[in-house]
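These protein sequence lines are chains A and B, in that order. One point on numbering: in the numbering used here, the residue at position 317 of the first sequence is 551, and numbering is uninterrupted. One point on numbering: in the numbering used here, the residue at position 39 of the second sequence is 273, and numbering is uninterrupted. Yeah, the Cβ is synthetic: ideal placement off N, Cα and C, and Gly gets one too. Just so it is clear, the structure is predicted and the values come from calculations on it, not from any experiment.
There are 2 protein chains.
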Amino acid sequence: MKKFINHVDDFLTESLAGFAAAHGDLVVLNHEPVFVRRKTLKPGKVALVSGGGSGHEPLHSGFVGYGMLDAACPGQVFTSPTPDQMMAAAKAVDTGAGTLFVVKNYSGDLMNFEMASEMSELPNAMVLINDDVAVENSSYTTGRRGVAGAVIVEKLVGSLAETGADLEQCKAFGDRINKHTASMGVAFSSCTVPAAGTLTFKIGDDEIEVGVGIHGEPGRRRTRFAAADAIAAELLTAIVADLKPGNGSELLVLINGLGGTPLGELYLLFNSTRSWLHQRGLAIARVQVGSLTTSLEMAGASITLCVLDDEMKRHWDSPVHTPSLRWGM
Amino acid sequence: MKKFINHVDDFLTESLAGFAAAHGDLVVLNHEPVFVRRKTLKPGKVALVSGGGSGHEPLHSGFVGYGMLDAACPGQVFTSPTPDQMMAAAKAVDTGAGTLFVVKNYSGDLMNFEMASEMSELPNAMVLINDDVAVENSSYTTGRRGVAGAVIVEKLVGSLAETGADLEQCKAFGDRINKHTASMGVAFSSCTVPAAGTLTFKIGDDEIEVGVGIHGEPGRRRTRFAAADAIAAELLTAIVADLKPGNGSELLVLINGLGGTPLGELYLLFNSTRSWLHQRGLAIARVQVGSLTTSLEMAGASITLCVLDDEMKRHWDSPVHTPSLRWGM
């Protein structure tokens, strides 16, 4: 295992310390319990609180800031954060309008966020993200997994919350976005959790895992390596079969690297994706290409499509200022 | 070789097509010869034209846009672009104030940019970047290599050019920034050039290459894997010995991933870096963490320090709107 690391037990602490120091203009790192919160809070705004296992950076801490999250709770690598982190984060960023917990569907995350939701004294609601169309039920999930669609939910609902929408409106918007968002990924390589020190799974030199989860969970099938066009077609076929975008739909396309795949390949995958969509008369209205929901150093990528309406488009375009997503300000 | 690729010969073409489609609001892709240019040019502004082998994305194409480059000429992977690309790009973005070629010091790049400079009918000048302190003369270089410091030169000179500075002022500023910028990198893994199909170099499971170049060139030494603090200390010792920042110096720190290293590790490396600098009384004024000058999927990172003055600070902070660096607008 070759990583930038000093001691395995200190990996998360030191990484978060570096993150908080690099972005001290935007975020504050809380210790005991650990969470990252916005430096400047907006009175009367619904607070968006997310979190999950670490190893998916920039998700979620990199999206704390104006127009997205108010706080993020990082668990250990690939391990859910605890309810006390979530409750403390919610309390720290509360400015009177309640908390919206934004949760990717993984059993541990869901259980802990539900516990935090029940125990919190603040009004709260939850948006559960389950955009991964690869499999129903998985190693760590009942139902579908929540993956890179989280970035879209956090951006859009984060923008709505800035306008003064109430908790009910934010939750309804989040649920609507989730319903119109679908993803599927492919892994070329495995990854190593620091505390484990060995590869999460094995994969042959000529194999790929189609439908992989963001912790290396098995997908739909292990198959032979294929051309980018063929991989894109397989992922998009599954996504479009799920989303069923109507004629004239406008799509947000997110090409998401899993950590070890360089940007040049992600753009090539976008090129395959746009050809495939174009041939089916599906219009691309917005594009985001980058490694935003990762699995440590895993090579591979996921494709996410989100069927946009005008309100969603407006909230995608609105200003955002976080460590890893920034425009308009 | 597992990459998002269809045919080896089409890798660059398809990747650039995806890039240009994803960022059609900002850039235009020219074919025959290939270059990427700003969609909207500013009359009377010095045009910044850079380029180099592909495989280092987002460098340079990802930095075409307001506040940075006017055009970028991508060569094949790890191969210099040709003088005709450079001359055509310069001509395409000329708005009457001349061309500043921004060149990383590699023999092929330098030779071709010098040829373009001589053959171009437009007034032009060149800034040669040689920030890599690892080695004098290398596989592909006479003198020191130009690496991630290019991002800083392009951002700062790009900002100055927007203010209406003339060619001479832009060149002088670029030379001054280069003089105050130093970098060194470390590789944990090799990388595979698509056309070669095999690893550029071999490295053992417990080895690292200290001082590696961005094409996998040998560095100062091949040694056993070490803790992040020790790696940071070795890189920073070499960098600071070269830069000799005075008392009270304010530094821009760029922690640059080489392509296959996840963001969480880069923040940890920044944490090691800031501790080391703090212990020596060196102040960090600005920070940038990300994979901005890569070597395909190589795991590893480089550290760049730039000694800032007030003018440089102002130009770092100024608005920028490119595919891969954006703030203030």
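| Check | Outcome |
| --- | --- |
| DSSP-derived helix/strand/coil call for A:Asp463 | helix |
| Contact set between B:Arg560 and chain D, taken where Cβ atoms lie within less than 8 Å | Here the protein chains are A and B, and chain D is not one of them. |
| Classification of B:Glu443 by the beta-carbon crowding that lies within 10 angstroms, buried from 16 upward | buried |
| Counted within 10 angstroms of its Cβ, other Cβ atoms place B:Pro315 as buried (16 or more) or exposed | buried |
| Where the beta strand (DSSP E) through B:Lys338 begins and ends | Thr333 to Lys338 |
| Distance, B:Trp550 Cα to B:Gly332 Cα | 23 Å |
| First and last residue of the uninterrupted alpha helix (DSSP H) at B:Cys404 | Leu401 to Lys413 |
| Delimiting residues of the beta strand (DSSP E) encompassing A:Pro308 | Ala305 to Val311 |
| Extent of the continuous beta strand (DSSP E) to which B:Leu500 belongs | That residue, B:Leu500, is in no beta strand (DSSP E); its alpha helix (DSSP H) goes Leu497 to Gln513. |
| Classification of B:His257 by the beta-carbon crowding that lies within 10 angstroms, buried from 16 upward | buried |
| Residue-chain proximity (B:Gly252, chain A), Cβ-Cβ < 7 Å | yes |
| C-beta neighbour in chain A for B:Leu497, strict 7 Å | yes |
| Contact with chain B by A:Phe297, beta-carbon distance below 7 Å | no |
| Chain-order list of residues whose beta-carbon lies under 7 Å from that of B:Val541 (same chain, five-residue window excluded) | His414, Leu477, Pro479, Ser483 and Leu485 |
| Spatial neighbours of A:Glu402 in its chain, beta-carbon cut-off 8 Å, leaving aside the 5 residues before and after | Ala359 |
| Contact check, B:Ala472 vs B:Met418, beta carbons under 7 Å | yes |
| Among B:Ala517, B:Met563, B:Arg548 and B:Gly498, the one whose alpha carbon lies nearest that of B:Ala533 | B:Gly498 |
| Contact list for the segment 542-557 of chain A against chain B, Cβ threshold 9 Å | His555 and Pro557 |
| Supposed close pair B:Thr538, B:Asp365 - CB separation, criterion 8 Å | 7 Å |
| Top-ranked residue by Cα proximity to B:Thr426, from B:Pro496, B:Pro357, B:Asp259 and B:Ser288 | B:Ser288 |
| Collapsed DSSP secondary structure at A:Glu266 in the structure displayed | coil |
| Neighbour flag for A:Val521 against chain B, beta carbons, 7 Å | yes |
| Assumed close pair B:Lys273, B:Glu396 - CB separation to whole angstroms, cut-off 8 Å | Between B:Glu396 and B:Lys273 the Cβ distance is about 16 Å, and since that is not below 8 Å, they are no contact. |
| Chain B residues whose Cβ lies nearer than 7 Å to that of A:Glu484 | Going along chain B, no residue has its Cβ under 7 Å from A:Glu484, so there is no contact; the nearest lies around 15 Å. |
| Continuous alpha helix (DSSP H) stretch holding B:Ser341: start and end | Ser341 to Met353 |
| Pick from A:Ser424, A:Pro428, A:Asp440 and A:Glu441 that is closest to A:Ile434, judged by C-alpha positions | The identity of residue 434 of chain A in the sequence shown is Thr, whereas the question assumes Ile. For A:Thr434, the nearest C-alpha among the options comes from A:Ser424. |
| Contacts of B:Asp243 in chain A (Cβ-Cβ under 8 Å) | None at all; the shortest Cβ gap to chain A is about 13 Å. |
| Alpha-carbon to alpha-carbon, A:Ile363 and A:Asn412 | 6 Å |
| Same chain, Cβ closer than 6 Å to A:Gly453, five either side skipped, listed in chain order | Ala368, Glu443, Val444, Gly445 and Val446 |
| Distance CB(A:Arg379)-CB(A:Ser373) smaller than 7 Å | no |
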